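Below you'll find the structure, written out as structure tokens, and then a few comments.
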Amino acid sequence: METCKQDNIHKQILRASYGSIIGNGVLSVAKLVTGAVSGSFAVVSDGIDSASDVAISAVIAVTAKIMEKRPNTKYAYGYAKAESIATKILSMAIFFAGGQMLFSAVGHLFSGEPREMPGMIAVYVTIASIVCKLLLSLYQTGVGRKTGSSMLIANGINMRNDVIISLSVLIGLFFSFVLDMPVFDSITALLVSCFIIRSAIKIFMDSNVELMDGVKDTSVYQKIFDAINSVEGVGNPHRVRSRSIGGKYMITLDMEADGNMTLSQAHALANKVEQNIRNSIPEVYDIVVHLEPYGTCPENVFGLNGNPSDPETGPKTRGKRK
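Under our numbering, read the sequence shown as residues 1236 to 1557, first letter to last.
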């Protein structure tokens, strides 16, 4: 059942990436040709950005195929973290495209060459780009949230930024025509490149969380403690740790119970705790529960201990070795 669910998720990611490749490919060609014909450097820059989106979507498609691979002796946790690596690659691709546009925009702005007024066709193509990019952004983000894919969510955010970029290009064209100052076209391209670089840095930093075995939403710990404390017969949850694998939580924890109970009773308690956690947190990759007799003092203390909102035992707790 879980395997079929994962296969369905991978298929949805693939469909979304193929749709992005086709959509951005058409937009890229249209904007590059229109920008060259109309003489609008801002539209050409926007076309380069759309071309980078094609490459990004191709990376997503390849990554989705990698994530389909089953766990093996080398990668016992599977290939889900390939998504985090791909997200990092996407951020660098976006940063490179933005940097290239920045250097080109600065060179064009200070070139001293006579500038011609862009043609009206640039306005029409830019308006069409805004509509198409908005639809692609909503689609990518929607599928990303449904499947828990950080890649698609990042790509959706990137395309949402593209809508803002195209709006900036449209505003630049508007001022170029109204004020009869084609220099606004180059200024717009410069601002667009800065915005792209900023977005790339944000995606790069966000992808660090999963690669560093962290969680973006730290409230997950409160849900874990609440789920444990609702089970009668267990107490003192400690060494509670969670990390992200492919948008899901890998949770490990220790807790104490009566040391005189049978193995079957202990197993039933652990299963009840695990089920409570899964009911509170649907996006669970796996849970490992370790039961100890009451009064046990672990030699190594890593993770959270007690109430996660308590500064003494919560998120600020760090690993200590006696």
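From the three backbone atoms N, C-alpha and C, an ideal C-beta is built for every residue, glycine too. Keep in mind that this is a model prediction, so the values were computed, not measured.
**Item:** For E1445, the residue or residues it bridges with in DSSP
**Value:** As a first step, residue 1445 is located in the sequence shown; it is residue number 210 there, counting from the start. According to DSSP, E1445 bridges with nothing at all.
**Residues of its chain near G1391, where Cβ-Cβ distance is below 7 Å and the 5 sequence neighbours each way are ignored** = Indexing the sequence shown from 1 puts residue 1391 at position 156. S1372, Q1375, T1376 and G1379, listed in sequence order.
**Rounded separation between V1469 and L1498 - CA only** = Your numbering for residue 1469 matches position 234 in the sequence shown. Your numbering for residue 1498 matches position 263 in the sequence shown. One C-alpha to the other measures close to 14 Å.
**Item:** DSSP state of G1530 mapped onto helix, strand, coil
**Value:** Residue 1530 sits at position 295 when you count from the first residue of the sequence shown. Coil at G1530, not helix or strand.
**Asked** Are I1295 and M1386 closer than 8 Å when you measure CB to CB?
**Response** As a working mapping, residue 1295 is identified with position 60 in the sequence shown. As a working mapping, residue 1386 is identified with position 151 in the sequence shown. Yes, the Cβ-Cβ distance between I1295 and M1386 is below 8 Å.
**Message:** Restricting to runs no shorter than 4 residues, where is the alpha helix (DSSP H) found entirely within the segment 1264 to 1329?
**Reply:** 1276 to 1302
**Prompt:** Thinking C-beta only, is D1452 closer than 8 Å to R1478?
**Reply:** Within the sequence shown, residue 1478 is the residue found at index 243, counting from 1. Within the sequence shown, residue 1452 is the residue found at index 217, counting from 1. No, they are not a contact pair.
**Request:** Just mark H1502 as buried or exposed, buried being the case when its beta carbon has 16 or more other beta carbons within 10 Å.
**Result:** As a working mapping, residue 1502 is identified with position 267 in the sequence shown. That one is exposed.
**Prompt:** By a C-beta neighbour count over all protein chains shown, 10 Å radius and 16 as the cutoff for buried, is Q1500 buried or exposed?
**Reply:** Along the sequence shown, one-based indexing puts residue 1500 at 265. Exposed, by the Cβ-count rule.
**Prompt:** When you compare only the Cα positions, how much space is there between I1320 and L1446?
**Reply:** As a first step, residue 1320 must be located in the sequence shown, where it is residue number 85. As a first step, residue 1446 must be located in the sequence shown, where it is residue number 211. Near 8 Å, if we compare the C-alpha coordinates of L1446 and I1320.
**Asked** Going by Cα to Cα distance, which pick from I1248, G1530 and I1388 is closest to T1298?
**Response** As a first step, residue 1298 is located in the sequence shown; it is residue number 63 there, counting from the start. Checked all of I1248, G1530 and I1388; the closest Cα to T1298 is I1248.
**Asked** Is it buried or exposed for K1368, if we count other Cβ within 10 angstroms and need 16 for buried?
**Response** As a first step, residue 1368 is located in the sequence shown; it is residue number 133 there, counting from the start. It is buried - the Cβ of K1368 has at least 16 other Cβ atoms within 10 Å.
**Prompt:** Can you tell me where the alpha helix (DSSP H) with S1477 in it begins and where it stops?
**Reply:** Numbered from 1 along the sequence shown, position 242 holds the residue referred to as residue 1477. From DSSP, S1477 is part of no alpha helix (DSSP H) but of the beta strand (DSSP E) over V1469 to I1480.
**Request:** Mind the definition here: the segment 1331 to 1346 touches the segment 1271 to 1285 only if three or more C-beta pairs lie below 8 Å; say whether that holds.
**Result:** yes
**Prompt:** In whole angstroms, what separates the C-alpha of I1356 from that of F1338?
**Reply:** Here residue 1356 corresponds to residue number 121 of the sequence shown, with the count starting at 1. Here residue 1338 corresponds to residue number 103 of the sequence shown, with the count starting at 1. If you take the alpha carbons of I1356 and F1338, they lie about 26 Å apart.
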